[in-house]
Amino acid sequence: MKKTFSVNLGNRVYNIDDDAYMRLKEYLDRIESYFSDEKEREDIINDIEMRLSELFSERLTASRQVITLADVDDSIRIMGDPSEIGGVKGKSETFKSHERYGGRRRLYRDPDNRVFGGVCGGLGAYLDVDPVIIRIILVVLFFAFGVGLLVYLIMWIVVPEAKTTAQKLEMRGDPVNASNIGNFFREEFDSVKNSFKRKK
Amino acid sequence: MLYTLTEKPNTMDFENAKAQMRKGVLEFCILSILSKNDAYATDILNTLKKSELIVVEGTLYPLLSRQKNAGLLSYRWEESTQGPPRKYYALTDKGKEALHELESSWKELIEAVDSIIHSN
């Protein structure tokens with residue numbers, strides 16, 4: 058079972074799976090960020106949405122009513138990557154550096170890869186490390202300093218579980234680099250601070 | 012040897028030249044297609060795809076938008092029997108002039124390049 062959204066694409070309504078919706082939205086956002094001229098961007102986005110809508114409608118039948126991730130991926134392949142669409146205007150290079158495919162990666166607990174709460178599985182997905190290695194480090198930390206268990210319990214409580222497909226995609230999203238980690242902790246800190254404020 | 016180092020082909024520049032060339036030809040072909048009949052984007056796409064001029068469909072839309080903003084094309088909305096209204100593009104007078112110019116420079120180019128290639 059999957060959650061679906063209904064979207065208006067080129068003046069037609071589609072039911073679309075949540076993971077497919079995420080992919081499509083991210084794709085359109087990336088195209089939008091490629092064109093700096095406002096008038097041009099509006100035309101292009103409208104035309105591309107119209108065409109995507111056409112491609113989707115060709116794929117639906119009476120017995121198949123929902124747009125899936127495969128439909129979106131195929132249509133994106135036909136339409137092409139924003140860097141190909143944008144051509145060689147030179148803008149592509151400057152945008153590539155701070156624009157990443159797949160959206161930002163987030164830390165979740167991984168329910169599909171867990172021993173207790175899925176903390177190590179989630180951390181593994183986040184850091185691109187085999188969860189087994191993280192588990193070993195945690196066990197060593199427990200015996201050496203006695204903090205491993207505490208860290209684990211805190212993370213079990215604080216880190217949300219990846220429940221929906223979209224969240225699982227996010228969990229495995231972008232590779233993490235130094236600036237991402239900095240942003241991540243800043244945002245997590247803010248959200249924890251806010252949730253404490255609300256409880257008071 | 013320093014000589015071979017400088018002779019090493021720069022693949023990036025080559026790709027750029029190819030892309031530029033294809034884009035120029037595409038703009039010419041779009042005008043040429045529209046000079047026969049007004050068409051909406053998917054009609055143009057189908058013609059271009061049939062002659063394998065276009066690899067990914069998305070390439071067309073920035074070109075159409077640029078030509079429209081340059082006053083070469085105009086568009087109108089037309090009802091369609093299948094689905095929502097379609098955006099039909101047509102050549103403006105300025106577009107027709109541009110097409111004539113491109114046609115003659117295209118012929119000149121082909122003759123010039125041919126004469127160089129076959130002179131060896």
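So the sequence lines, in the order shown, correspond to chains A and B. To convert, note that position 193 of the first sequence is 250 in the working numbering; the numbers rise steadily by one, no gaps. To convert, note that position 28 of the second sequence is 39 in the working numbering; the numbers rise steadily by one, no gaps. C-beta atoms are modelled at their ideal positions from N, C-alpha and C, and glycine is treated no differently.
Sub-7 Å separation of residue i and residue j beta-carbons
i: B:K105; j: B:G82; result: yes
i: A:R87; j: A:P168; result: no
i: A:G179; j: A:Y165; result: yes
i: A:S110; j: A:L66; result: yes
i: A:M212; j: A:A219; result: no
i: B:R87; j: B:Y51; result: no
i: A:I101; j: B:P73; result: yes
i: A:L206; j: A:F199; result: yes
i: B:F39; j: B:L113; result: yes
i: A:I191; j: A:G203; result: no
i: B:L102; j: B:L45; result: yes
i: A:L126; j: A:D76; result: yes
i: B:E89; j: B:Y99; result: yes
i: A:N72; j: A:V129; result: no
i: B:L110; j: B:L42; result: yes
Cβ-based burial, residue i [other Cβ within 10 Å; buried from 16]
i: A:S154; result: Interpretation of A:S154 is limited by its pLDDT of 35, a score under 50 that renders its predicted location unreliable; no figure is taken from the coordinates.
i: A:M136; result: buried
i: A:M79; result: buried
i: A:M58; result: exposed
i: B:Q78; result: buried
i: A:V172; result: exposed
i: A:F92; result: buried
i: A:P217; result: exposed
i: A:E106; result: buried
i: B:A28; result: exposed
i: B:G35; result: exposed
Residue i: first and last residue of the uninterrupted alpha helix (DSSP H) it sits in
i: A:D128; result: L126 to M136
i: A:R162; result: That residue, A:R162, is in no alpha helix (DSSP H); it is neither H nor E in DSSP.
i: B:T53; result: A52 to K61
i: B:S48; result: In the sequence as displayed, the identity of residue 48 of chain B is Asn instead of Ser. That residue, B:N48, is in no alpha helix (DSSP H); it is neither H nor E in DSSP.
i: A:D74; result: Unbroken run through A:D74 is the beta strand (DSSP E), R69 to D74; no alpha helix (DSSP H).
i: A:S110; result: E95 to R116
i: B:K107; result: D104 to H129
i: A:R229; result: A:R229 -> no alpha helix (DSSP H), and no H or E assigned at all.
i: A:A201; result: P188 to F202
i: B:P95; result: Counting along the chain, B:P95 falls outside any alpha helix (DSSP H), and DSSP gives it neither H nor E.
i: A:K214; result: Note that residue 214 of chain A is Ile in the sequence shown here, rather than Lys. Looking at the DSSP string, the run of the alpha helix (DSSP H) that includes A:I214 is G205 to V215.
i: B:L64; result: No alpha helix (DSSP H) holds B:L64; DSSP gives it neither H nor E.
i: B:N80; result: L71 to N80
i: A:S140; result: P139 to I142
i: A:A182; result: V176 to L184
Residue range of the beta strand (DSSP E) that includes residue i
i: A:K60; result: Run containing A:K60: none; DSSP gives neither H nor E here.
i: B:S85; result: L84 to E89
Taking beta-carbon pairs under 9 Å, can you tell me which members of the segment 70-91 of chain B lie near chain A? Look at the segment 70-91 of chain B: the residues with a C-beta under 9 Å from a C-beta of chain A are T70, L71, Y72, P73, L74, L75, S76, R77, K79 and N80.
Along the segment 84-96 of chain A, where does the CB come closer than 8 Å to a CB of chain B? Name the residues. Those would be I88, F92 and K96, in chain order.
Below 7 Å between beta carbons is the criterion; list the residues of the segment 47-60 of chain B that meet it against any residue of chain A, in chain order. For the segment 47-60 of chain B, which is checked against every Cβ of chain A, the residues closer than 7 Å are A52 and T53.
Report the residues of the segment 96-118 of chain B with a CB closer than 9 Å to any CB of chain A, ordered along the chain. Flagged, chain order: P96, R97 and K98.
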